[in-house]
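What follows is a short report on a single structure.
Number of protein chains: 2
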Amino acid sequence: MLAAPDGRVVATTDLLVDGRHFRRDWSTATDVGRKAAAQNLADVAAMGAVPTGLLLGLAVPPDLAVAWLEELADGMRAECEPLGARVLGGDVTRSDVLVLAVTAFGDLQGRAPVTRSGARPGDVVAYTGRLGWAAAGLAVLGRGFRSPVSMVAAHRRPEPPYAQGPRAAELGATAMVDVSDGLVADLQHVAVASEVGIELDTSRLEVPAKLRDVGKALGVEPMDWVLAGGDDHALAATFPGDRRPPAPWKVIGRVARGRGVVVDGAAYPGPGGWDHFR
Amino acid sequence: MLAAPDGRVVATTDLLVDGRHFRRDWSTATDVGRKAAAQNLADVAAMGAVPTGLLLGLAVPPDLAVAWLEELADGMRAECEPLGARVLGGDVTRSDVLVLAVTAFGDLQGRAPVTRSGARPGDVVAYTGRLGWAAAGLAVLGRGFRSPVSMVAAHRRPEPPYAQGPRAAELGATAMVDVSDGLVADLQHVAVASEVGIELDTSRLEVPAKLRDVGKALGVEPMDWVLAGGDDHALAATFPGDRRPPAPWKVIGRVARGRGVVVDGAAYPGPGGWDHFR
Numbered sequence: 001m002l003a004a005p006d007g008r009v010v011a012t013t014d015l016l017v018d019g020r021h022f023r024r025d026w027s028t029a030t031d032v033g034r035k036a037a038a039q040n041l042a043d044v045a046a047m048g049a050v051p052t053g054l055l056l057g058l059a060v061p062p063d064l065a066v067a068w069l070e071e072l073a074d075g076m077r078a079e080c081e082p083l084g085a086r087v088l089g090g091d092v093t094r095s096d097v098l099v100l101a102v103t104a105f106g107d108l109q110g111r112a113p114v115t116r117s118g119a120r121p122g123d124v125v126a127y128t129g130r131l132g133w134a135a136a137g138l139a140v141l142g143r144g145f146r147s148p149v150s151m152v153a154a155h156r157r158p159e160p161p162y163a164q165g166p167r168a169a170e171l172g173a174t175a176m177v178d179v180s181d182g183l184v185a186d187l188q189h190v191a192v193a194s195e196v197g198i199e200l201d202t203s204r205l206e207v208p209a210k211l212r213d214v215g216k217a218l219g220v221e222p223m224d225w226v227l228a229g230g231d232d233h234a235l236a237a238t239f240p241g242d243r244r245p246p247a248p249w250k251v252i253g254r255v256a257r258g259r260g261v262v263v264d265g266a267a268y269p270g271p272g273g274w275d276h277f278r
Numbered sequence: 001m002l003a004a005p006d007g008r009v010v011a012t013t014d015l016l017v018d019g020r021h022f023r024r025d026w027s028t029a030t031d032v033g034r035k036a037a038a039q040n041l042a043d044v045a046a047m048g049a050v051p052t053g054l055l056l057g058l059a060v061p062p063d064l065a066v067a068w069l070e071e072l073a074d075g076m077r078a079e080c081e082p083l084g085a086r087v088l089g090g091d092v093t094r095s096d097v098l099v100l101a102v103t104a105f106g107d108l109q110g111r112a113p114v115t116r117s118g119a120r121p122g123d124v125v126a127y128t129g130r131l132g133w134a135a136a137g138l139a140v141l142g143r144g145f146r147s148p149v150s151m152v153a154a155h156r157r158p159e160p161p162y163a164q165g166p167r168a169a170e171l172g173a174t175a176m177v178d179v180s181d182g183l184v185a186d187l188q189h190v191a192v193a194s195e196v197g198i199e200l201d202t203s204r205l206e207v208p209a210k211l212r213d214v215g216k217a218l219g220v221e222p223m224d225w226v227l228a229g230g231d232d233h234a235l236a237a238t239f240p241g242d243r244r245p246p247a248p249w250k251v252i253g254r255v256a257r258g259r260g261v262v263v264d265g266a267a268y269p270g271p272g273g274w275d276h277f278r
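As given, the protein sequences belong to chains A and B, one line each in that order.
Sequential numbering from 1 applies to the first sequence in our numbering.
Sequential numbering from 1 applies to the second sequence in our numbering.
Right, dumping it as structure tokens:
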């Protein structure tokens with residue numbers, strides 16, 4: 001049972017499939033638990049709500065060690081605790097493939113929920129959190145490396161800026177999303193839901209030196225990680241043009257008439273972000 | 001977003017794995033949807049709450065027809081509608097194995113939630129709904145038959161007595177559970193959680209003529225289906241001895257000191273109900 005002092009509950013659910021959304025040889029059980037919790041808690045925060053709890057459904061192959069599952073639950077609890085959220089319970093069943101089903105809940109504290117459909121021409125587009133780090137970490141692991149540690153850690157354990165979700169709602173955000181598929185792909189969801197155009201200006205998107213270094217080492221354009229890399233769970237939001245959000249929010253574009261995302265005045269031809277059906 | 005007029009929300013989650021919890025050659029997509037919804041909605045009812053909504057997570061193999069998924073969602077909506085509950089949304093991802101993750105929500109309407117841990121010596125044990133029908137239907141299908149239709153239908157599409165959950169709470173139920181694993185197995189959960197003994201009297205458990213007929217045809221003792229058959233999602237509850245519940249509740253035993261379920265004075269040696277880890 002979950003307290004819902006607001007009289008409304010925000011709820012979101014996600015499935016994570018072994019070998020597809022995580023790899024047990026690349027991440028510890030604790031990391032997988034933290035990540036599974038984080039992506040759902042970030043989704044709650046992106047609605048402007050404060051995360052309150054999680055339910056965990058587990059489909060478990062018979063050969064999986066109980067210790068792995070205990071560490072997974074520990075990871076989820078560790079991610080919840082600083083937010084004041086709780087792991088409420090769940091279900092365990094057997095399956096040939098390990099699947100995690102996480103449902104997260106949040107409280108709106110009296111505010112209206114922020115959706116994807118509220119962006120209006122004249123709004124500014126801003127983000128806060130990391131962009132491209134998890135994707136760079138995944139690329140590093142995919143080439144058989146284990147460093148730079150900060151990138152690999154970002155892949156294993158995202159650090160969503162949870163508190164900025166409710167704050168953005170207070171600041172008057174008109175639409176918000178957490179960056180799970182990639183900045184362009186997730187803003188595309190906002191553009192479609194809001195029936196607007198979104199114009200990004202990459203000169204406003206800082207590419208950290210570390211990301212540039214890894215890009216150089218792997219022969220990848222680091223801006224593609226920033227624009228198309230998912231799994232960092234940064235928050236991206238639109239705000240009325242006369243209410244530009246303060247730091248750590250960073251304005252990176254504007255909302256216009258049209259439909260869809262335009263990067264530096266052109267359609268973005270890049271990797272396209274994480275496709276749930278690839 | 002979900003209304004929570006009570007200021008609290010009851011939430012429960014379950015995973016259903018293709019080939020384990022359902023078979024696509026034995027059940028239509030609509031039936032699977034209804035059943036997936038029913039087992040979670042029944043769990044909500046067993047807490048004394050009125051179901052308000054569902055979230056659906058889907059891990060889908062690439063070769064599964066979109067029409068199958070649409071019918072699944074139709075089935076879930078059909079199960080929700082008469083209860084005033086809604087399918088709120090969900091998540092779709094790819095997997096080699098079809099997995100459904102259903103999370104259900106309920107409203108307590110100001111009542112205390114009924115748990116598994118409140119049974120006290122002196123209470124009576126009662127149930128309402130079907131027992132053994134789904135198990136008999138599964139046995140019929142397992143032998144390659146398609147009739148009796150009523151048993152097969154009971155396997156494909158349970159009919160939990162949803163309204164009796166909140167009613168039992170109003171009647172003062174001290175503990176409640178929906179029968180998903182089997183009557184003895186689920187009452188065992190109550191006995192363990194409540195630290196009591198539960199004494200069942202099978203002479204009070206009616207075995208319908210149809211169940212006896214199918215048992216005779218398949219060479220199965222039908223009382224085993226009644227005691228150990230899961231998936232009908234009947235409700236079993238304990239009530240204070242001086243507040244015996246009215247029909248359709250049927251008193252079938254009593255709560256005593258001790259720990260665990262005793263059937264007709266002895267430990268139940270039967271099939272043991274549905275084991276989630278078999």
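Where a beta carbon is used, it is the ideal one built from N, C-alpha and C, also for glycine.
Query, Result
"DSSP bridge partner residues for R94 (chain A) (one or two, in chain order)", "A:V60"
"Alpha carbon of L235 (chain A) to alpha carbon of T128 (chain A), nearest angstrom", "5 Å"
"Every unbroken alpha helix (DSSP H) within the region 1–48 of chain B, with a cutoff of 4 residues, ordered by chain", "29–45"
"Chain A residues whose Cβ lies nearer than 7 Å to that of P5 (chain B)", "G7"
"Residues bridged to V50 (chain B) [DSSP beta-bridge criterion]", "B:D107"
"Exposure label - G144 (chain A); buried when at least 16 CB within 10 Å", "exposed"
"Cutoff 8 Å: L83 (chain B) Cβ touching any chain A Cβ", "no"
"Residue interval of the alpha helix (DSSP H) (run including R156 (chain B))", "149–156"
"Counterpart residues of Y127 (chain A) in DSSP-defined beta bridges", "A:A236, A:K250"
"CA-to-CA distance, V97 (chain A) to V179 (chain B), given in whole angstroms", "27 Å"
"Buried versus exposed call for R259 (chain A) [16 or more other C-beta atoms within 10 Å across all chains shown]", "exposed"
"Interface flag, M176 (chain A) vs chain B, CB-CB below 8 Å", "no"
"Proximity winner among A:R120, A:R8, A:A36, A:R204, relative to G48 (chain A) (alpha-carbon distances)", "A:R8"
"is_contact[H276 (chain B), chain A] using C-beta, thresh 8 Å", "Caution applies to H276 (chain B), whose pLDDT of 35 falls short of 50 and renders its modelled position unreliable; the value that the coordinates give is listed next. Chain A contact via Cβ: present."
"Proximal chain A residues relative to T238 (chain B), where beta-carbon distance stays under 9 Å", "Neighbours of T238 (chain B) on chain A: none; closest Cβ ~19 Å, over 9 Å."
"Cβ pair G253 (chain A), E199 (chain A) closer than 8 Å", "yes"
"T52 (chain A) beta carbon less than 8 Å from that of D14 (chain A)", "no"
"Interface flag, S117 (chain A) vs chain B, CB-CB below 8 Å", "no"
"Interface residues of chain D facing A11 (chain B) [CB-CB closer than 9 Å]", "Absence of chain D from the displayed structure is noted, the protein chains being A and B."
"M176 (chain B) vs A65 (chain B) beta-carbon contact at 8 Å", "no"
"Identified DSSP bridge partners for L55 (chain A)", "A:G89, A:T103"
"Stretch-stretch touch, CB-based, cutoff 8 Å, three pairs: the region 31–46 of chain A with the region 78–90 of chain A", "yes"
"Reduced DSSP category for E206 (chain B) - H, G, I as helix; E, B as strand; rest coil", "coil"
"As assigned by DSSP and simplified to three states, the class of D201 (chain B)", "coil"
"CB of L131 (chain B) within 8 Å of CB of L187 (chain B), strictly", "no"
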